[in-house]
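Trainee: Below you'll find the structure I mean.
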C-alpha cells in the first residue's frame with residue numbers, strides 16, 4: 001500500500017513542480033514584456049523589432065494554453081490533462097531570449113547568439129512535439145518531424161528578423177553568413193531535441 005501511494009505521489013509532485021515552473025516562466029515573460037513597453041530604452045530590444053517581439057512573444061507563450069482551451073481539453077487524444085512540460089518548453093525560448101537581450105548578452109558575448117539558436121530551437125521543437133505529436137512515432141519519423149518543424153520555424157524566424165530590422169541595420173553586411181549559421185544551428189538543435197525526446201518517451205512507456 002505504501003509503495004503504491006509513493007508511486008502515485010511522485011509523478012504528481014513532478015507535475016506540480018513543472019506546472020509552477022511554467023507559470024513562473026510566463027509571469028516573468030509578461031513582466032519583462034511590460035517593462036519593455038514602459039521603459040523601451042532599458043529593454044535591450046530597442047531597434048531589434050521591439051514592436052514585433054511585443055506581439056509575437058506573448059502569442060508564442062500562450063499558443064498551447066489557447067489551443068487547449070479551445071480544442072485540446074475536449075478532443076485531444078494525446079493528453080488527458082494539460083501538458084505542462086510542453087507548455088514550459090514552449091515558453092522558455094521567448095523568456096530566455098528576452099533575458100539575453102535585457103542583459104545585452106547577444107551583443108557582448110560572441111558565442112551567445114549561436115548557442116541560443118541551438119538551445120532555444122531545441123526547447124521549441126521538444127515542446128511542439130510533446131504537445132502535438134503522437135507518442136508512437138518511430139525514431140526516424142520523429143527525426144523527420146523535428147527537422148520539418150525546426151527548419152520551418154528557423155526559416156520563418158530569419159525572414160521575420162530580416163523584414164523587421166536587419167535590412168535597415170548595420171547587421172545587413174554580415175546577415176547572410178549569420179543567417180546560414182542560425183539556420184544550421186536551429187535545425188541541429190531541433191533534430192537533437194527530437195531524438196532525445198523519442199529516447200525519453202520510449203523509456204517511459
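In our numbering, the protein residues as written are 1 to 205. For glycine and all other residues, C-beta sits at the position ideal for the given N, C-alpha and C.
How do the segment 138-154 and the segment 182-200 stand: do at least 3 beta-carbon pairs fall below 8 Å, yes or no?
Mentor: yes
Trainee: Applying the criterion that 16 or more other CB atoms from any shown protein chain within 10 Å of the CB defines a buried residue, is residue 130 buried or exposed?
Mentor: Your numbering for residue 130 matches position 130 in the chain shown. In the assembly as shown, residue 130 is a buried residue. Its beta-carbon has 16 or more other beta-carbons within 10 Å.
Trainee: Rounded to a whole number of angstroms, what is the C-alpha to C-alpha distance between residue 95 and residue 138?
Mentor: Translated into positions along the chain shown, residue 95 becomes position 95. Translated into positions along the chain shown, residue 138 becomes position 138. Their Cα atoms are separated by approximately 31 Å.
Trainee: Can you look up residue 5 in the DSSP assignment and give me helix, strand or coil?
Mentor: Within the chain shown, residue 5 is the residue found at index 5, counting from 1. For residue 5, the predicted model reports a pLDDT of 45, less than 50, meaning its position is unreliable; a value from the coordinates is still stated below. Three-state DSSP puts residue 5 in a helix.
Trainee: Beta-carbon within less than 8 Å of residue 35's beta-carbon, same chain only, minus the 5 sequence neighbours each way: which residues are those?
Mentor: The sequence position of residue 35 within the chain shown is 35, counting from 1. Closer than 8 Å at the Cβ level, and outside the excluded window around residue 35, lie 42, 43.
Trainee: Are the segment 81-96 and the segment 117-136 touching, with three or more C-beta to C-beta distances below 8 Å?
Mentor: The way I'd put it, the segment 81-96 does touch the segment 117-136; three or more beta-carbon pairs between them come closer than 8 Å.
Trainee: Going by beta carbon distance, what residues of the same chain come within less than 6 Å of residue 134, once the five residues before and after it are set aside?
Mentor: Translated into positions along the chain shown, residue 134 becomes position 134. Hits under 6 Å: none found.
Trainee: At the level of alpha carbons, what is the spacing between residue 45 and residue 98?
Mentor: Position 45 of the chain shown, counted from the first residue, corresponds to residue 45. Position 98 of the chain shown, counted from the first residue, corresponds to residue 98. Distance between the alpha carbons of residue 45 and residue 98 is about 8 Å.
Trainee: Check the C-beta distance from residue 161 over to residue 49 and give it rounded, since I have them as a contact under 8 Å.
Mentor: The residue labelled residue 161 in the question sits at position 161 within the chain shown. The residue labelled residue 49 in the question sits at position 49 within the chain shown. Contact flag correct, Cβ pair sits at about 7 Å.
Trainee: Among the residues of its own chain, which have a CB less than 7 Å from the CB of residue 120, if the five just before and after it don't count?
Mentor: For the purposes of this step, residue 120 is identified with residue 120 of the chain shown, where counting begins at 1. Around residue 120: 93, 96, 97.
Trainee: Which one of 181, 164, 109, 191 has the shortest CA to CA distance from residue 207?
Mentor: What is shown of the chain runs 1 to 205, which leaves residue 207 out entirely.
Trainee: For residue 87, which residues in the same chain have their Cβ closer than 6 Å to its Cβ, ignoring the five residues on either side in sequence?
Mentor: Translated into positions along the chain shown, residue 87 becomes position 87. Once the five neighbours on either side are set aside, the close Cβ partners of residue 87 are 22, 64.
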